[in-house]
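Read the structure below first, then the notes.
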Amino acid sequence: MIRLTDIHKQYENGTRALKGVSVQIDDGEFVFLVGPSGSGKSTIIKLITGEVQPTEGRLMVNGYNMTDISPKQIPLMRRTLGVVFQDFRLIEKKTVSQNLEVAMRAVGANTREIQRRIPYILKLVGLTGKENQKVTQLSGGEQQRVAIARALANNPSVIIADEPTGNLDPARSLEIMSLLEKINEMGTTILVVTHEKELVNRFDKRVIAIESGRIISDAAGGYYNNVL
Ligand code: ADP
Numbered sequence: 000m001i002r003l004t005d006i007h008k009q010y011e012n013g014t015r016a017l018k019g020v021s022v023q024i025d026d027g028e029f030v031f032l033v034g035p036s037g038s039g040k041s042t043i044i045k046l047i048t049g050e051v052q053p054t055e056g057r058l059m060v061n062g063y064n065m066t067d068i069s070p071k072q073i074p075l076m077r078r079t080l081g082v083v084f085q086d087f088r089l090i091e092k093k094t095v096s097q098n099l100e101v102a103m104r105a106v107g108a109n110t111r112e113i114q115r116r117i118p119y120i121l122k123l124v125g126l127t128g129k130e131n132q133k134v135t136q137l138s139g140g141e142q143q144r145v146a147i148a149r150a151l152a153n154n155p156s157v158i159i160a161d162e163p164t165g166n167l168d169p170a171r172s173l174e175i176m177s178l179l180e181k182i183n184e185m186g187t188t189i190l191v192v193t194h195e196k197e198l199v200n201r202f203d204k205r206v207i208a209i210e211s212g213r214i215i216s217d218a219a220g221g222y223y224n225n226v227l
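Written as structure tokens, this is what we have:
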């Protein structure tokens, strides 16, 4: 569960990125976070991942109190999150399997666990047969599937996807969003930041809209209406 309580974030240069944001995302939810550029979406993501700290307010992430988390606990908290980016951020000279293996080794998984889990995850994301391909030899849609597979490798409770379809054509974007929906149906909480109105409107999900550092609507049944 992720809970922001009256969060304010002011950056060192004085920019007030968030002005009193309160929101709770329960385990198992699928949530779109939408809003214009500069509205504070990335700041919310970075607060959740622990990359930035709130100026004021309380923040809980999967049982960790982020306002007084110790440096030792940060890596443990991060293991509860899988993050997917617009630009994939894969290790380009490595294969599909190796990209997943690196993520699993980083948290101490052994060879047996790795050999058991990688085929399962690749099947889940529809990449069976691509294990030994270099990621640079894959299409954009396939690379994003690898990134999603890597995010899932350590079995996080939440996947955060920051503009995951920003570099993909509409058909590929729909496939990626449908894959995230399938992963959500299997129990993982999903938080997707996106600009893509049409895509949001095709999925019947909770939509949190933010503008100028404030939540301006939060409605189930996902329509990007009366916003923007
Ligand atoms: P979004 O993701 O919705 O585009 P951001 O959270 O990136 O919005 O930005 C919100 C506001 O905070 C913007 O005015 C942006 O310029 C500012 N901002 C973001 N990061 C920083 C930073 N590191 N230092 C100063 N200002 C920042």
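Taking numbering that gives the first Met the number 0, the leading residue of the sequence shown gets 0, the next gets one more, and so forth.
The beta carbon of each residue, even a glycine, is placed where N, CA and C say it ideally should be.
Where residue i falls: helix, strand or coil (DSSP)
{"i": "SER172", "result": "helix"}
{"i": "ASN153", "result": "coil"}
{"i": "ASN183", "result": "helix"}
{"i": "SER69", "result": "coil"}
{"i": "GLY37", "result": "coil"}
{"i": "VAL51", "result": "coil"}
Beta-carbon spacing of residue i, residue j below 8 Å
{"i": "ASN153", "j": "MET103", "result": "yes"}
{"i": "MET76", "j": "ILE68", "result": "yes"}
{"i": "GLN85", "j": "ASP168", "result": "no"}
{"i": "LYS29", "j": "ASN200", "result": "Strictly speaking, residue 29 in this sequence is Phe, with Lys absent from that position. No, they are not a contact pair."}
{"i": "VAL157", "j": "THR193", "result": "no"}
{"i": "SER211", "j": "SER41", "result": "no"}
{"i": "LEU46", "j": "ILE73", "result": "no"}
{"i": "GLU130", "j": "THR94", "result": "yes"}
Bounding residues of the alpha helix (DSSP H) (the contiguous stretch that carries residue i)
{"i": "SER96", "result": "95 to 105"}
Residue i to residue j span [Cα, whole Å]
{"i": "GLN23", "j": "THR54", "result": "19 Å"}
{"i": "LEU89", "j": "ILE147", "result": "10 Å"}
{"i": "LEU137", "j": "THR164", "result": "16 Å"}
{"i": "LEU151", "j": "LEU190", "result": "14 Å"}
{"i": "ARG213", "j": "GLY34", "result": "10 Å"}
{"i": "VAL51", "j": "LYS204", "result": "28 Å"}
{"i": "GLU180", "j": "ARG144", "result": "13 Å"}
Continuous beta strand (DSSP E) stretch holding residue i: start and end
{"i": "ARG78", "result": "Unbroken run through ARG78: none, as it is neither H nor E."}
{"i": "VAL191", "result": "188 to 192"}
message: Considering only heavy atoms of the ligand ADP and the C-beta of each residue, which residues fall inside 6 Å, strictly closer?
response: TYR10, ASN12, THR14, ALA16, GLY34, SER36, GLY37, SER38, GLY39, LYS40, SER41, THR42
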